[in-house]
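Have a look at the structure below before the remarks.
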Amino acid sequence: MRLPAFLADQRRLRRVLSSSSATLATLTRLHALLLISSSHHLLASLAAAYARAGALDAAESTLAGSPASPSSIPAWNALLAAHSRGGSPGTALRVFRALPPAARPDSTTFTLALSACARLGDLATAENIKDCAFEAGYRKDVFVCSALLHLYSRCGAMEDAVRVFDGMPRRDRVAWSTMVSGFVSAGRPVEALGMYRRMRQDGVEGDEVVMVGVMQACAATGDAQMGASVHGYLLRHGMRMDVVTTTSLVDMYAKNEQFDVARQMFRMMPYRNAISWSALISGFAQNGHADEALDLFREMQVSRLQPDSGALVSALLACADMGLLKLGKSIHAFILRRLEFDCISGTAVINMYSKCGSLASAQMLFNRVGSGDLVFWNAMIACYGAHGRGRDALALFQELNETGIKPDHATFASLLSALSHSGLVEEGKFCFDRMIKEFGIEPAEKHYVCIVDLLARSGLVEEANNLLASMQTEPTIAIWVALLSGCLNNKKVELGETIAEKILELQPQEVGVLALVSNLYAAAKKWDKVREVRKLMKDSGSKKVPGYSLLEVRGTRHIFVMEDQSHPQHQEILKMVAKLDSEMRKMGYVPRTEFVYHDLDENVKEQLLSYHSERLAIAFGLLNASPGTRLVIIKNLRVCGNCHDAIKYISKIADREIVVRDAKRFHHFKDGACSCGDYW
DNA sequence: ATAGGGTTAG
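Those letters in the first sequence? Residues 1 to 680, by full-length UniProt numbering.
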């Protein structure tokens with residue numbers, strides 16, 4: 001072929017350059033030809049072709065080497081897009097900054113640059129780019145605007161996203177769906193669902209992507225009915241049930257505790273990835289079905305799919321829940337051998353050690369990994385809190401401040417809870433103040449729960465009550481509950497009754513909440529009120545979670561439930577309990593029958609107290625565990641004040657360290673003293 | 001001609 005003739009055939013040239021099938025060799029050859037002919041137009045097309053073929057350096061040098069003009073913008077865009085897709089948004093931004101001024105960026109350019117900022121979480125640069133885009137006349141551009149929506153929601157600035165969204169003259173499905181998933185990831189699922197409703201009212205139908213966001217929202221709110229209707233919508237509209245969509249369905253059903261449906265969906269998936277497994281495993285693990293979670297985890301191990309860190313993290317969650325230290329340790333070892341030790345799995349391991357009572361192992365891991373990741377620190381602060389080590393939590397918080405990492409809402413939730421459980425009232429108040437004033441964090445529900453708990457626990461119920469009066473919004477059930485439980489523990493029955501009324505007005509469904517209210521009325525000896533609330537409990541339909549205690553002896557787990565006679569050593573255990581009881585009494589133990597909230601005879605109350613599940617578990621442990629080893633009991637409910645007393649005596653009699661983990665934290669009993677800062 | 005939205009786990 002004669003070169004000049006070939007160059008003259010512009011149409012044919014264009015076809016070669018815009019098809020994505022041109023090989024690199026062809027492109028380099030053409031490059032040489034075009035340089036000779038110095039055709040700027042064609043050089044730009046060539047650069048775009050380079051970018052599409054993955055030769056990004058060649059694309060950039062071609063562009064930089066030819067004079068800039070608006071006609072080179074598609075090529076620059078192709079280059080930016082390639083960097084973005086290739087996962088290097090930083091480079092994309094560098095290229096954007098290096099754009100020659102004569103090449104006028106268009107809507108696509110700005111959209112790509114903003115999307116790179118979103119990926120990097122670089123709000124400052126984005127603001128700059130936004131200004132340029134607006135100046136260039138793209139203020140109303142759908143693409144630029146949705147890129148902004150995505151940017152703001154990824155940077156936790158939902159209010160800015162809302163502002164942009166409200167200013168959009170035209171909103172397409174992508175804009176709506178960005179808002180839906182934005183609200184979901186901001187932890188505001190109710191507003192996410194609101195967005196979806198508005199979208200439908202606007203006459204816009206959902207597609208797979210929107211519906212995934214809606215499903216996440218349903219999972220977060222626990223709205224099972226809405227969830228099922230979304231499922232129906234997907235089927236009715238014949239949507240593509242790919243891995244992502246189906247995994248979201250599985251996740252939603254599992255989070256809503258519809259395990260049969262979740263499992264069925266999972267089994268029907270033609271193709272599953274590691275995320276699908278993790279979704280189901282964690283669904284079980286987080287809802288008290290650790291056994292099934294671990295069964296699935298084992299099944300995943302035997303399937304071809306290697307467990308990734310997500311599945312391991314879910315399995316660790318199940319170990320933490322059940323206090324399975326041995327299995328947890330082996331997963332830790334597996335991660336060390338086979339995977340990169342990332343922050344998420346590191347945090348999960350710390351959490352597992354924490355929940356299994358191995359404060360020392362958690363500390364060791366924390367010190368060895370030494371990470372700059374905030375959540376990692378948060379987990380360790382929470383771990384100290386769970387072990388009643390408020391001062392250590394505070395010290396770690398101060399250390400965190402010295403690193404320059406900014407604490408977040410979760411840091412303060414863990415810290416306040418640690419201080420509360422250690423009775424460090426002044427420190428707690430001070431931290432609550434600092435959180436608001438110095439760190440500019442608006443207290444959320446959980447923070448109010450902590451601070452009210454902190455005050456009320458140490459008897460300052462009036463101060464706690466005043467704090468609630470100063471709140472901007474109405475206190476929620478959880479906040480009232482913290483106050484009420486302080487009233488109950490400090491025998492402030494009168495104030496307690498008014499709070500109980502408020503809680504009942506909010507119509508709580510949770511049995512635990514109703515039980516607390518009922519106990520308060522029992523403490524006030526208002527037995528007709530007690531009956532009333534007990535009836536509510538019965539009508540609420542939700543089953544009371546039976547209290548159980550669990551311990552592992554020589555690798556086997558034993559579960560004890562009050563009044564359960566099924567254990568093969570039942571008679572022996574009862575004898576042991578009685579023996580301990582009489583020895584404790586000789587040492588001065590007096591059963592604290594005020595913890596039995598029923599209208600019963602005193603001696604019946606005393607008997608009931610002796611058969612709490614942790615007492616049975618401890619008796620079993622003393623009979624079977626090797627002498628001198630520590631007994632770690634995992635209990636799903638709180639340890640009552642009487643058991644707390646009793647275990648101190650037992651620990652002294654048996655000369656053993658006894659550790660009881662209740663729903664919230666650990667009580668380390670050694671030589672009759674509990675190392676947890678406060679009582680219960 | 002081309003760009004913006006989606007799955008688990010701390």
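Ideal Cβ positions, reconstructed from N, Cα and C, are used throughout, including at glycine.
Predicted model only: the values in this text are computed from it and were never measured.
Reference residue i, options the options, closest by Cα
| i | options | result |
| --- | --- | --- |
| L622 | V639, P591, D662, L551 | L551 |
| V313 | V349, F595, L336 | V349 |
| S417 | G404, L316, F432, I405 | F432 |
| F510 | S88, S540, H83, E442 | A small fix is needed here, since residue 510 is Glu in this sequence, not Phe. The shortest C-alpha separation from E510 is found at S540. |
| L574 | E614, F595, V553, A456 | E614 |
| F334 | C356, T347, K491, D308 | D308 |
| V596 | Q571, A147, A524, Y548 | A524 |
| G54 | A81, S66, S71, G65 | A81 |
| K130 | S66, C643, T111 | T111 |
| G283 | M241, L495, A220, G328 | A220 |
| A103 | M471, L63, F259, C674 | L63 |
| K406 | D392, V375, E426 | V375 |
| G628 | K670, T593, V660, E594 | K670 |
| E494 | L580, A478, V461, C643 | V461 |
| F430 | G222, S458, L394, A382 | L394 |
| A444 | R188, L148, A98 | R188 |
| A289 | Q301, F259, R267 | Note that residue 289 is His in the sequence shown here, rather than Ala. When only C-alpha atoms are compared, the closest one is F259. |
| L325 | R240, A362, Q472 | A362 |
| S352 | S146, V369, G328, G372 | With the sequence shown as reference, residue 352 is identified as Met, and Ser is not the correct amino acid for it. The candidate whose alpha carbon is nearest that of M352 is G328. |
| S115 | A147, S88, Q306, H570 | A147 |
| V204 | Y233, L234, A224, R171 | R171 |
8 angstroms Cβ cutoff met for residue i and residue j
| i | j | result |
| --- | --- | --- |
| Y253 | A262 | yes |
| V589 | A646 | A small correction: the amino acid at residue 589 is Tyr; Val does not occupy that position in the sequence shown. The answer is yes: Cβ separation under 8 angstroms. |
| A186 | L151 | no |
| L400 | L454 | no |
| A285 | G310 | no |
| R52 | A92 | no |
| V193 | A217 | Val is not the amino acid found at residue 193; the sequence shown has Leu there. Their beta carbons are under 8 angstroms apart, which means L193 touches A217 by this criterion. |
| V210 | Y196 | yes |
| residue 682 | I451 | Here the chain has residues from 1 to 680 only, and residue 682 is not among them. |
| R665 | G385 | yes |
| F96 | A113 | yes |
| V530 | A625 | no |
| I477 | V513 | yes |
| P105 | A136 | yes |
| K140 | P101 | no |
Beta-bridge partners of residue i, as assigned by DSSP
| i | result |
| --- | --- |
| V660 | I633, H667 |
| V174 | V174 pairs with nothing; no bridge assigned. |
| S45 | Paired residues: none, contrary to the question. |
| F560 | S549 |
| A103 | Answer is none; A103 lacks a bridge partner. |
| A673 | K670 |
Nonlocal neighbours in the same chain, by C-beta distance under 7 angstroms from residue i, ignoring five residues either side
| i | result |
| --- | --- |
| D662 | K635, L637, R638, V639 |
| residue 707 | Outside the shown range of the chain (1 to 680) lies residue 707, about which nothing can therefore be said. |
| A500 | L484, V517, L520, Y521 |
| residue 739 | Residue 739 falls outside the range modelled here, since the chain spans only 1 to 680, and no answer is possible. |
| W480 | I499, K502, I503 |
| F366 | I350, M380 |
| R592 | G641, N642, D645 |
| A133 | F110, V144 |
| M562 | G547, Y611, H612, S613 |
| L99 | W76, P105 |
| A482 | V449, V452, D453, A456 |
Chain-order list of residues whose beta-carbon lies under 6 angstroms from that of residue i (same chain, five-residue window excluded)
| i | result |
| --- | --- |
| N378 | A410, T411, S414 |
| R2 | Caution applies to R2, whose pLDDT of 45 falls short of 50 and renders its modelled position unreliable; the model cannot decide the point. |
| C676 | G388, H667 |
| W527 | D599 |
| P475 | L468 |
Cβ shell of residue i (< 8 angstroms), same chain only, five flanking positions each side left out
| i | result |
| --- | --- |
| D408 | L374, N378, I441 |
| R200 | G206 |
Touch check for the region 599-607 and the region 292-302: three-plus C-beta pairs under 8 angstroms? no
Quick check: the region 325-344 against the region 641-657, are at least 3 beta-carbon pairs closer than 8 angstroms? no
Do the region 242-260 and the region 278-290 touch if we need at least three Cβ pairs shorter than 8 angstroms? yes
Does the region 436-443 come close enough to the region 463-470 to have 3 or more Cβ pairs within less than 8 angstroms? no
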